[in-house]
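K.L.:
Numbering (the numbering used here), first residue to last: 162 to 978.
In this text, a Cβ means the ideal position worked out from N, Cα and C, and glycines have one as well.
#1: Please check the pair residue 766 and residue 580, which I expect to be a contact at CB under 8 Å, by giving their CB distance rounded to whole angstroms.
#2: Once DSSP output is grouped into helix, strand and coil, what is the label at residue 228?
#3: Have a look at residue 980 and residue 370 and give me their C-alpha separation to the nearest angstrom.
#4: For residue 420, which residues from the same chain have a beta carbon less than 6 Å from its beta carbon, with the 5 sequence-adjacent residues on both sides left out?
#5: Let me check understanding here. Comparing Cα to Cα, which of 952, 543, 912 and 966 lies closest to residue 881?
#6: Could you tell me if residue 874 is buried or exposed, where buried requires 16 or more neighbouring beta carbons within 10 angstroms of its beta carbon?
#7: Expressed to the nearest angstrom, what Euclidean distance is found between the alpha-carbon atoms of residue 937 and residue 851?
#8: What number of angstroms, rounded off, separates the C-alpha of residue 254 from the C-alpha of residue 286?
#9: So, with DSSP's three-state summary, where would you put residue 481?
#10: Can you list, in chain order, the residues of its chain whose CB lies under 6 Å from that of residue 823, leaving out five sequence neighbours each side?
#11: Measuring only the C-alpha atoms, how far is residue 754 from residue 373?
#12: Report the rounded CA-to-CA distance for residue 455 versus residue 295, giving the unit in angstroms.
#13: Using 8 Å for Cβ pairs, my map puts residue 288 next to residue 316. What's the rounded Cβ distance?
#14: From residue 546 to residue 410, what does the alpha carbon distance come to, in whole angstroms?
#15: Nearest to residue 930 by CA position, among 905, 889 and 915, is which residue?
#16: What residue range is occupied by the uninterrupted alpha helix (DSSP H) comprising residue 773?
#17: Could you check what DSSP says for residue 304 in three-state terms: helix, strand or coil?
#18: Keeping to the same chain, check which residues put their C-beta closer than 7 Å to that of residue 350; ignore five residues upstream and five downstream.
#19: Quick one: what's got a C-beta closer than 6 Å to residue 730's C-beta in the same chain, skipping five residues either side?
#20: Buried or exposed, going by whether 16 or more other CB atoms sit within 10 Å of the CB of residue 332?
#21: Roughly how many angstroms separate the alpha carbons of residue 528 and residue 951, rounded to a whole number?
#22: Which whole-angstrom value describes the C-beta separation of residue 356 and residue 430, a residue pair presumed to lie in contact below a C-beta threshold of 8 Å?
#23: Which residue comes first and which comes last in the beta strand (DSSP E) that contains residue 585?
#24: Which partner residues of residue 884 appear in the DSSP bridge assignment?
#25: Please state the DSSP three-state secondary structure of residue 193.
#26: With contact counted as at least three CB pairs below 8 Å, one residue from each stretch, are the region 663 to 675 and the region 813 to 827 in contact?
#27: Which term fits residue 412, buried or exposed, when burial requires 16 or more other beta carbons within 10 angstroms of its beta carbon?
#28: Is DSSP giving residue 941 helix, strand or coil here?
#29: In angstroms with no decimal places, state the Cα-to-Cα distance between residue 380 and residue 509.
#30: Starting from residue 739 and walking both ways along the alpha helix (DSSP H), at which residues does that stretch end?
#31: The beta strand (DSSP E) spanning residue 855 covers which residue range?
#32: What whole-angstrom Cβ distance do residue 848 and residue 962 have, given they're in contact under 8 Å?
#33: Which whole-angstrom value is the C-beta distance of residue 161 and residue 864, which I expect to be below 8 Å?
#34: Nearest-angstrom Cα distance between residue 902 and residue 915?
#35: Where do the N-terminal and C-terminal ends of the beta strand (DSSP E) with residue 562 fall, by residue?
#36: Using only the alpha-carbon positions, how far apart do residue 722 and residue 759 sit?
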């Protein structure tokens, strides 16, 4: 082995001397062979330098290769590296570009190809998730999936090798492409070779790049235009520039574009809040509204309504043709591994906004997350980065957060708070919620393929307001409608109960028939003949029901497809009207739309007739009963009690109470009359429904009457909040009712009384043995009984207007007896 190596080395030295002697002085700059040339067996020829690490490098050219075979000996390969000036190192590339270069040998190895070439680099670039190469090709109108498929086909056509030599050598075309990328880096004045430089280098690749670009009609000019559109005026000054290109597109969502495409739900009402936002945005400085309200009241919907108004042109000149971008703070923070990376991303976003010359308005949902976002030791948080631009009016920003989080995070930073103007968003009334549901009905009908009755919308608003506590309108009412429609859709797509029962019966009889066919006795034969007759009838009915079910489903599917087409045509009409293409709008409105409407009317008429005939197996309309069923599942209250009207409850209140409380006629009558007066509107609406003091000895039914009242009025005994006043005998115990003061243990937990009523606003509150409480406790009762509200230790106002207050005592019972 050593003799063979020496022979080959001597041969190479001779070749080197000949090249050196024959070269002219002008060609003395040609790559020189290194003094020490390695000789390695072909089986071990895998270039370890192509397994790249953080500080790896690999040779930029294959200098020479000499093979020598002898009988019984393995072939040998001599590899001589170029000088260090031709090496490719990580320091000259951005992270994404280096990652693609590192992945190229792996791509070659997977395809059993020895030489790493440009096609392997192209595949590595296209496989980068959210990579810059994909964005560049998308800009020039190329489908990245098809481009990747074409690259893989080209790779499959290349020669393969057997053994562990795959991905071991750098191709000349790839070397030339990297050199062209370096030239583009200099042309753009960048400090590092980035992904866009590599992509531009493919345009002059003679073997693979030109062929691929010719097939997809991609020119170098188009690529350069796409790169400029993505980069803007930015230059590559660090190793992560790709994360800063098109920062708004990457980390934001264009609400105006979504409104133009008809992807936003219609916003009903909230005109005052939207006008207030427009008014603040039109200011010269501090033009930043912040929407403050409880979760689910429609803060985000207000920003969507503003986007729709901008698209429709229903805004002042100062906001005309502006873009409203919703910023995703989670995406900005995600993946920011190194100190300063998050700040760089946010600064890139803010730079794009300021360079748009007021054409872009930012919307930051959950804006309290900005305070402290990205802050690490020695780093600034996002709030401090925003302050200067917010104050000068360079950045117009709409924020949205809840009242608690605004107080907890933003009010603590007065410098940030003064740059925002507060817009309070209250919960809509039940009547407003019904109007909102009517506006959204068409979208939900289209999505689920069912009809939603108006009674279902009314029930959703009323029942959610009365029975679902802890959530707010209109969000909880919309969720009810959505879930009821989804339930009905599931019933339509699955087999009806009647058909399913017949299928099971047929299967059962088929199994019985198989067991009877082997029996020869007379009884078995008689049973078999009867079974076959019964089976024939069942199969006939099964086929009939299946056909009927399929027909109903096909009509419903046809109605849904027509509605989807009508929605698409309406969107095109709106777009044509915005572009003042009145001929196109008229053609669609009086041509296509009329035709589709006639088809829809005919299909709905056919379905209605089928439903009225009594043969229908499916329901296609959401009713009030469906809504009540969903509420029942959410709350555990029986459906029958949910659908009972308030009037019926009040009329039969005394009778129902007597069913549980036998005797005590004067007390039961007094309680029933007091509640009936309150519900009739003859009492102060800002006070509790009723307030009672039950006096009497132990065991006469004071607590039982309270339980019966809670069970009938609020449909569950769990609506009874019982507080034993013997636990409040000390002066300081009053803090347990409304919460501990700031600085004391339990401050964050809230009060025993206030937290319970906040979570369940419809309740009967029983203060048992009131005479045992400390006198200071009665000061809290004064607020509750007189104003119907109390403020807890955290400053939250808790309403008692939907509660019944009952106090019990056995003081003086010896005189009563």
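P.N.:
Answer, in terms of the structure:
#1: Taking the first residue of the chain shown as position 1, residue 766 is located at position 605. Taking the first residue of the chain shown as position 1, residue 580 is located at position 419. Taking C-beta atoms under 8 Å as the contact rule, residue 766 and residue 580 fail to qualify, at a distance of about 59 Å.
#2: Residue 228 sits at position 67 when you count from the first residue of the chain shown. Interpretation of residue 228 is limited by its pLDDT of 37, a score under 50 that renders its predicted location unreliable; the figure taken from the coordinates is listed afterwards. Here DSSP, grouped into helix, strand and coil, assigns residue 228 to coil.
#3: The question about residue 980 has no answer here: the residues shown for the chain are numbered 162 through 978.
#4: Along the chain shown, read from residue 1 onward, the residue named residue 420 stands at position 259. Only 468, 469 and 472 meet the Cβ criterion.
#5: As a first step, residue 881 must be located in the chain shown, where it is residue number 720. Per the Cα distances, 966.
#6: On the chain shown, residue 874 is found 713 positions in, with the first residue counted as 1. Buried, by the Cβ-count rule.
#7: For the purposes of this step, residue 937 is taken as the residue at position 776 of the chain shown. For the purposes of this step, residue 851 is taken as the residue at position 690 of the chain shown. Going by the C-alpha atoms only, they are around 23 Å apart.
#8: The residue given as residue 254 occupies position 93 in the chain shown. The residue given as residue 286 occupies position 125 in the chain shown. Using only the alpha carbons, I get a separation of about 14 Å.
#9: Here residue 481 is taken as the residue at index 320 of the chain shown, counted from 1. Coil.
#10: Against the chain shown, residue 823 aligns to sequence position 662. Nothing meets the Cβ criterion.
#11: Position 593 of the chain shown, counting from 1, holds the residue named residue 754. Position 212 of the chain shown, counting from 1, holds the residue named residue 373. Residue 754 and residue 373: Cα-Cα distance of roughly 44 Å.
#12: One-based indexing of the chain shown puts residue 455 at position 294. One-based indexing of the chain shown puts residue 295 at position 134. When rounded, the distance between both Cα atoms is 41 Å.
#13: Numbered from its first residue, the chain shown carries residue 288 at position 127. Numbered from its first residue, the chain shown carries residue 316 at position 155. Residue 316 and residue 288 do not touch by the CB rule: their CB atoms are close to 12 Å apart, not below 8 Å.
#14: Locating residue 546 in the chain shown gives position 385, counting from the first residue. Locating residue 410 in the chain shown gives position 249, counting from the first residue. Approximately 20 Å, taken between the alpha carbons.
#15: Position 769 of the chain shown, counted from the start, is the residue given in the question as residue 930. If we check each option's Cα against that of residue 930, 889 comes out closest.
#16: Working through the chain shown from its first residue, we reach residue 773 at position 612. Looking at the DSSP string, the run of the alpha helix (DSSP H) that includes residue 773 is 754 to 773.
#17: In the chain shown, counting from the first residue as 1, residue 304 sits at position 143. Correct three-state label for residue 304: coil.
#18: Stepping through the chain shown from its first residue, residue 350 is reached at position 189. Around residue 350: 396.
#19: What you label residue 730 is simply residue 569 of the chain shown in a count that begins at 1. Excluding residues within five positions, the ones whose Cβ falls inside 6 Å are 749, 753 and 754.
#20: Here residue 332 corresponds to residue number 171 of the chain shown, with the count starting at 1. Classification for residue 332: buried.
#21: Indexing the chain shown from 1 puts residue 528 at position 367. Indexing the chain shown from 1 puts residue 951 at position 790. Roughly 29 Å between the two C-alpha positions.
#22: Position 195 of the chain shown holds residue 356. Position 269 of the chain shown holds residue 430. That pair is no contact at about 48 Å.
#23: By one-based count along the chain shown, residue 585 stands at place 424. Element bounds for residue 585: 582 to 585.
#24: Reading the chain shown from its first residue, position 723 is the one you call residue 884. BP columns for residue 884 point to 928.
#25: Start at 1 with the first residue of the chain shown, and residue 193 comes out as number 32. With a pLDDT of only 36 at residue 193, under the threshold of 50, the placement of this residue in the model should not be trusted, and no figure is reported.
#26: no
#27: Walking along the chain shown from the start, residue 412 turns up at place 251. Label assigned to residue 412: buried.
#28: Along the chain shown, read from residue 1 onward, the residue named residue 941 stands at position 780. Of the three classes helix, strand and coil, the one that applies to residue 941 here is helix, per DSSP.
#29: The sequence position of residue 380 within the chain shown is 219, counting from 1. The sequence position of residue 509 within the chain shown is 348, counting from 1. About 29 Å.
#30: One-based indexing of the chain shown puts residue 739 at position 578. Where residue 739 is concerned, the enclosing alpha helix (DSSP H) stretches over 683 to 739.
#31: Numbered from 1 along the chain shown, position 694 holds the residue referred to as residue 855. Residue 855 -> beta strand (DSSP E) spans 851 to 856.
#32: In the chain shown, counting from the first residue as 1, residue 848 sits at position 687. In the chain shown, counting from the first residue as 1, residue 962 sits at position 801. Rounded, the Cβ-Cβ distance is 7 Å, consistent with contact.
#33: Lying before the first or after the last residue shown, residue 161 is absent from the chain, which here runs from 162 to 978.
#34: Within the chain shown, numbered from 1, the residue matching residue 902 stands at position 741. Within the chain shown, numbered from 1, the residue matching residue 915 stands at position 754. Whole-angstrom Cα-Cα distance: 14 Å.
#35: Here the question's residue 562 lines up with position 401 in the chain shown. 557 to 562 is the span of the beta strand (DSSP E), which, as asked, contains residue 562.
#36: Your numbering for residue 722 matches position 561 in the chain shown. Your numbering for residue 759 matches position 598 in the chain shown. The straight-line gap from Cα to Cα measures roughly 14 Å.
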